[in-house]
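Numbering (this note's numbering), first residue to last: 2 to 588.
All remarks here apply to the structure that follows.
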């Protein structure tokens, strides 16, 4: 019997028609990855320099501008949950991406208008008024237009970020060896090209905004976003569309409620999963059974009670009379997939706390270092983070084309190493980056104090920061890509978009944890006659201690991750074999 395609229903445009179509794999990728590349340049081209725009053009106070940026970033990350829910429950990934892309384009248009139309922003401010803090701020109507653009960008990002990658995954037939290999490469290339788009945004687009014109600097991302939409719709005839399957949250709730209602019942054959499954309710449609039937496992066995059949709980056709009282084994195992993944997801937050330092304290370090490249060019502090992005771009092809085949020959695993091993390696490298960062900061601080006291600047080149930034890039290549692929492979197929949103929720969590750490350390380490580790004067503070603290937190997080990996069972199996291999690989 031929392998069934991942999708049983296909669609074009707004008309989702019933039609059988096999996944096209890499034939559809130029349009999906092209859309992502242009969208990434457009989005980051607008947001990378946004705080400077708020302070210099809208005359906002620095803390007010910073808070607005934090709220915008956090809201954008959390909006991915809403986009994932809408996609999985109602619209499907294609329609959600289409609507979200249009929302993003409209947001870029409105933001560009704030830079191009004088009526939509505060009047220019002379240098004397700027230095005295007397520049007029934005009016209520001007802020309303600005917030409208941000709201549209949040809606757009909330739909694009969780759906773009899973939509690409849909295009590969995971029942064939060719499809699985193509999928392994797709994750790496998708992330690499996305990172390249970020680099272009943070260099070329930011330079135009600072040196040429804000209107042109915003207009270019707007044009690229329009091009991204065109790319996306051009490939519509090649796409394979997975229809939505209803609210995933209600399905999870049904299993929990049914299990609670039957909490006093005894499970048949409690220690034999195969025998127990034969005695429980399992009523999959033929279509679902062909796609992704999950066998019963004994982990979280209290949930298995939701499938115990009681009198009067089934209709004549075998369907549940009340889905809140009787759930299938398949439904239960889908909920278990989510429960197993969440502890692994939590470990990613601390890892991203380490990686997020490249955009904050590394920039502050560079301000007290020699940033010259050649006799006249000086690297902007905010651009040093590009080093880590370049490390990702250069490392991923080497990993995909050289390291994976080498590891595959040793381990016999298709992807070279398991997804949990990949995340664990990323955590180890992230810890190393913090240790290196602490050592470099210690040397920089001693050099700065020796050459000018606490207000001095170190003659050391800012390129001393390159090793820690490169390690952060390699850590991200291992852990971030490993997380994304892990979520997409381990979540149930109809919850793939929710899986895609988890990565962005990790970033949001890392941002909030970083904010808490900075606030806590500033207060707890300062005292009479003693400066805080994170003093406003970096030469007075001890940022190296802060880096070491994050390394210690990372080490504790790694131990937590190892424990979680030990007890993790991969989707579709009740065995611990793969989990044991993961632990051996990490340790």
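Using N, Cα and C, we set each Cβ at its ideal position, and we do this for glycine too.
Query, Result
"Option nearest residue 509 by Cα separation, candidates 30, 38, 55, 76", "76"
"Bounding residues of the alpha helix (DSSP H) (the contiguous stretch that carries residue 278)", "274–280"
"Cβ-Cβ separation, residue 535 to residue 544 (assumed contact under 8 Å), whole Å", "7 Å"
"Rounded straight-line distance, which links the Cα of residue 47 to that of residue 34", "20 Å"
"Continuous alpha helix (DSSP H) stretch holding residue 434: start and end", "420–451"
"Selection from 330, 422, 494, 251 that minimises the alpha carbon distance to residue 567", "422"
"Inter-residue spacing [alpha-carbon to alpha-carbon] between residue 354 and residue 571", "27 Å"
"Runs of alpha helix (DSSP H) lying entirely within the stretch 112–176, each at least 4 residues, in chain order", "128–133, 141–170"
"Residue nearest to residue 93 in terms of C-alpha spacing, selected from 180, 135, 225, 249", "249"
"Residue 434 vs residue 484 beta-carbon contact at 8 Å", "no"
"Option nearest residue 381 by Cα separation, candidates 503, 463, 183, 270", "463"
"Where residue 341 sits in the DSSP three-state scheme", "helix"
"Residue 401 versus residue 187 - alpha carbon distance", "10 Å"
"Extent of the continuous alpha helix (DSSP H) run through residue 409", "405–412"
"Spatial neighbours of residue 497 in its chain, beta-carbon cut-off 7 Å, leaving aside the 5 residues before and after", "167, 170, 489"
"Among 214, 432, 357, 329, nearest to residue 277 - alpha-carbon criterion", "329"
"Minimum length 4: unbroken alpha helix (DSSP H) runs contained in the stretch 372–403", "387–399"
"Reference residue 173, options 241, 352, 528, 255, closest by Cα", "241"
"Three-state class that DSSP yields for residue 319 in the structure shown", "coil"
"C-alpha gap between residue 336 and residue 258, whole angstroms", "12 Å"
"Simplified DSSP state of residue 290, which is helix, strand or coil", "Annotation note: pLDDT 44 at residue 290 (below 50); position unreliable, no value reported."
"Cβ shell of residue 430 (< 7 Å), same chain only, five flanking positions each side left out", "472, 475, 476, 479"
"Buried/exposed call for residue 138, threshold 16 Cβ in 10 Å", "exposed"
"DSSP-derived helix/strand/coil call for residue 542", "coil"
"Three-way DSSP call (helix, strand, coil) for residue 96 in this model", "helix"
"DSSP three-state assignment for residue 462, whether helix, strand or coil", "strand"
"Rounded C-alpha distance that separates residue 569 from residue 113", "48 Å"
"Residue of 306, 53, 85 minimising C-alpha distance to residue 256", "306"
"Opening and closing residue of the alpha helix (DSSP H) in which residue 486 lies", "467–491"
"Helix, strand or coil at residue 531 [DSSP, three-state]", "strand"
"Limits of the alpha helix (DSSP H) - the one that residue 218 falls within", "215–235"
"For residue 153 and residue 123, the rounded distance between their alpha carbons", "22 Å"
"Cβ-Cβ distance between residue 245 and residue 89 below 8 Å", "yes"
"Boundaries of the alpha helix (DSSP H) in which residue 198 is found, first to last residue", "178–201"
"Terminal residues of the alpha helix (DSSP H) in which residue 205 lies", "First-last for residue 205: undefined, no H or E at that position."
"Residue range of the unbroken alpha helix (DSSP H) whose run includes residue 56", "51–57"
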